[in-house]
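Below: the structure, in structure tokens.
In the UniProt record's numbering, the protein residues as written are 1 to 299.
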């Protein structure tokens, strides 16, 4: 049976969404929490579609704030973070460790990039060489709400705080209401900040463009304006030749990894629960939901 109309019910609380979904008050549910996936998959009345996501959670370093302007400090902070532990605890295993500044599904993704091994002693040495043998204090902003790229920002912030404490840093976790969070972040008040990104059109500029100088007052939360990188991404949007664009983006990703304006943390998988009597549904890697071919069976 094809649908004659749709009803969208806005339910901000993820636990309440699950309750309504299981009670058949709705037939399609958005943004399930990682902790709820196993229970949804076990319900015989439901099915859960999944696929690698076109999204990424990351930690940005405000390079206009000392000592984060020193790449040695940024590398030390990056090297101290236990990404595997966060994948297990924050994402319940439903994500893969992020390395590049874009997800693996994205054409031009650099498969050759590698993270530096987690090494607390080497991180301490980098801090000492940068002039901070006894560490320092910085702010760590965490989103006040769950996001598709970060289902538990509070826990992630606490884990990063504990990791940095092991190399002598004191991180003060800061929360603001979502609108205030973005406003203050755009103004560059943070030292470090948990944020993420979603793809909207499948183009690499969705990701690397966020690090452009033109976005310093918006989603370039690293406040990083680096001419060698900027030249490459500007050239890449001025041609339609995929091979040329790919070559430029590969070079840009190498610069990103060397300069470390942010730490990629996770590429979360996308999960879409529906009831078993829903027909014709297809999961969209870009995150939008299409109902043009969706119907309901009489079962």
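Positions of the beta carbon are idealized from the N, C-alpha and C atoms, including for glycine.
Note that the structure is predicted; figures quoted are calculated from it, not measured.
For a cut-off of 8 Å, the C-beta gap from residue 273 to residue 3 is around 18 Å, too long to register as a contact. In the structure shown, residue 48 adopts extended strand secondary structure according to DSSP, grouped into three states. In terms of Cβ geometry, residue 58 and residue 195 form a close pair [threshold 8 Å]. An exposed status is given to residue 290, since fewer than 16 other beta-carbon atoms sit within 10 Å of its beta-carbon.
Between residue 79 and residue 122, the C-beta spacing is below 8 Å. Under the 10 Å beta carbon count, residue 201 is surrounded by fewer than 16 other beta carbons and is classified as exposed. Sequence-distant partners of residue 225 (beyond 5 residues in either direction) whose C-beta falls short of 7 Å from its own C-beta, in its chain, are 213 and 216. As the crow flies, the alpha-carbon of residue 257 is around 42 Å from that of residue 294. Under the DSSP assignment, residue 56 falls in the beta strand (DSSP E) whose first and last residues are 55-61. Inside the stretch 64-151, DSSP marks whole alpha helix (DSSP H) runs of 4 or more residues at positions 71-80, 83-89 and 120-129, from first to last along the chain.
Residue 3 is bridged by DSSP to nothing; it lacks a bridge partner. For the pair residue 146 and residue 14, the CB atoms are nearer than the 8 Å cut-off.
The three-state secondary structure of residue 202, taken from DSSP, is coil.
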